[in-house]
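Residues in the sequence shown are numbered consecutively from 59, following our numbering. Cβ atoms here follow ideal geometry from the backbone N, Cα and C, with glycine treated the same way. All values derive from a computational prediction rather than experimental measurement.
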Amino acid sequence: MLPVTQFANFIEQNALFAPGSKVLAAVSGGMDSVLMTHLLKAAGINFSIAHCNFQLRSNEALRDQEFCNNLANKLRVPFHTINFDTIAYAAEHKISIQMAARDLRYQWFDTVCQQSGYQAIALAHHQNDAIETILLNLTRGTGIAGLHGILPKNGMLVRPLLFLKREEIATFITGNKLDFVEDSSNVSAKYARNKIRLEVIPRLKELNPSLEKTFENNLKHFRDLELLLDNQVADLKKTLLQWGTDEIFLLIDEVKKLNPARLLLFKLLQEYGFNETTVDDVLSVLDKHSGRIFESTGFLLVLDRERLIIKQKKTGVLEPVSIFEQEHEVYYGTYKLNLLHDDTPLIIKDNPLATSVDAALLVYPLTVRAWQEGDYFYPLGMKGRKKLSDYFINQKLSLHQKEEVPILVNGNGDIIWVAGYRPDERYKVNNNTKKVTIFELYKL
């Protein structure tokens with residue numbers, strides 16, 4: 059007898075998929091996936107079989123593919139299959155064979171689901187797989203997410219055999235005289251997971267014969283702890299994170315109150331690609347080194363005076379833009395700069411987004427660009443010149459904010475205007491000015 063009732067109850071209790079859903083069953087031909095296939099059929103679930111031939115075991119791989127095709131015919135369900143050049147893919151992407159097979163498999167599953175309208179992908183993992191995953195994660199280093207093992211449901215991926223142990227599956231296969239094929243690589247200890255299954259777990263079972271039951275209980279505790287942590291982090295995001303136009307802020311004083319600081323700050327920053335090593339570095343310099351920048355793949359984390367600032371990386375450095383005398387508007391990054399030529403010696407005051415300059419002093423073409431190390435100007439109303447880097451510090455601009463400030467430069471190399479902040483004293487309108495050029499800055 060097959061455990062059809064337990065199977066159906068597990069699907070319902072874990073809400074793996076709704077009644078009537080189309081399910082794509084990933085079948086290798088081994089006993090686990092064969093039992094899952096027969097249970098899906100016995101439970102009256104609308105499913106199809108999908109099999110990948112990774113072309114790594116030549117004749118054996120062809121045997122498995124043919125077996126799965128025959129199984130689909132026997133059960134009268136649709137059959138999907140594909141051949142992969144796994145070795146070539148691994149070489150091209152500079153990854154291991156195992157990682158290449160995983161990537162190829164799931165990419166293809168997604169494609170088949172989109173093309174044929176499947177709502178779930180059934181995988182034949184069981185309780186022993188979950189134990190092996192936890193032990194493997196522990197040897198490589200893991201957070202709480204790595205301790206919950208394999209979840210019954212993760213997006214479209216569902217695992218309806220997680221209520222069974224490997225020995226129980228073998229018993230049902232034998233008792234129901236179900237045919238299956240054996241993957242010879244499963245008995246090779248050269249793979250890390252196989253080494254844990256064949257060498258580590260048997261030793262652990264000598265210490266605890268009820269290892270599976272113990273891990274089953276541990277898994278429930280780990281999942282509950284993860285849910286508790288996720289709920290707390292969700293609440294912290296609502297209270298700690300402040301959203302600007304294109305930045306996210308965390309007040310340093312609030313970060314210092316986190317307890318445990320390392321875990322909670324990591325969970326707050328994790329979705330932006332920052333790892334635990336970065337979090338350690340950030341916590342070590344909170345009271346010093348203002349202006350320090352930390353990087354993830356897609357984001358910058360800037361340690362400002364009172365805040366941590368998260369900002370998405372720019373896709374590239376903005377190229378300088380030339381401005382010719384006959385032009386009336388130019389675009390620079392996310393800004394538009396308007397030019398107005400006027401015979402009236404107009405002086406613009408108290409508007410950082412506009413300035414008027416003595417047109418007779420302009421040497422075309424002008425340039426608008428990002429600031430550069432060594433830049434200096436003569437701030438309006440001040441005597442003497444000032445390095446732009448020092449001026450930015452006085453304005454309390456973070457490093458990434460400095461990069462966004464448009465700098466208007468004369469054809470002779472002088473800075474005319476730190477756009478949005480301050481014009482240069484040398485180019486101001488005075489009693490001798492006959493004609494002015496007005497520059498207006500707009501944020502797009």
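Per DSSP, what kind of secondary structure is residue i in: helix, strand or coil?
i: N131; result: helix
i: V415; result: strand
i: I208; result: coil
i: T402; result: coil
i: Y434; result: strand
i: P260; result: helix
i: F137; result: strand
i: R121; result: helix
i: A180; result: strand
i: I153; result: coil
i: F352; result: strand
i: R224; result: helix
i: D408; result: coil
i: V62; result: helix
i: V239; result: coil
i: A73; result: coil
i: Q453; result: coil
i: K278; result: helix
i: S268; result: coil
Tell me, please, which residues DSSP counts as bridged to residue i.
i: S447; result: The partner list for S447 (beta bridge, DSSP) is empty, contrary to what the question assumes.
i: Q300; result: F307
i: F357; result: Q370
i: Y393; result: Y390, K501
i: R365; result: L309
i: L215; result: I179, N212
i: R480; result: V476
i: T495; result: H399, V415
Starting from residue i, follow the beta strand (DSSP E) in both directions and report where the run begins and ends.
i: V379; result: 379–381
i: R427; result: 424–427
i: V85; result: No beta strand (DSSP E) holds V85; DSSP gives it neither H nor E.
i: I465; result: 465–467
i: A108; result: 104–111
Given a cut-off of 8 angstroms on the beta-carbon distance, is the pair residue i and residue j in contact?
i: E483; j: Y436; result: yes
i: V415; j: V343; result: no
i: A119; j: F112; result: yes
i: L220; j: A188; result: yes
i: N127; j: T144; result: no
i: V476; j: T425; result: no
i: N104; j: V81; result: yes
i: S106; j: F137; result: yes
Considering residue i, what are the terminal residues of the alpha helix (DSSP H) in which it resides?
i: H96; result: 89–100
i: A250; result: 250–253
i: N195; result: 185–198
i: A319; result: 319–327
i: V487; result: Note, V487: premise wrong, no alpha helix (DSSP H); not H, not E.
i: E334; result: 334–342
Decide if residue i is buried, meaning its Cβ has at least 16 other Cβ atoms within 10 Å, or exposed.
i: H96; result: buried
i: N468; result: buried
i: F382; result: exposed
i: H386; result: exposed
i: L323; result: buried
i: K369; result: buried
i: I465; result: buried
i: P210; result: buried
i: K152; result: exposed
i: Y422; result: exposed
Does any CB atom of chain B fall closer than 8 angstroms to the CB of residue i?
i: F230; result: In the displayed structure, chain B is absent; only one protein chain is listed.
Confirm the yes/no value for this check: CB of residue i, any heavy atom of the ligand NAD, distance under 7 angstroms.
i: R363; result: Summarising the ligand content, the structure contains no ligands, and the ligand NAD is consequently not present.
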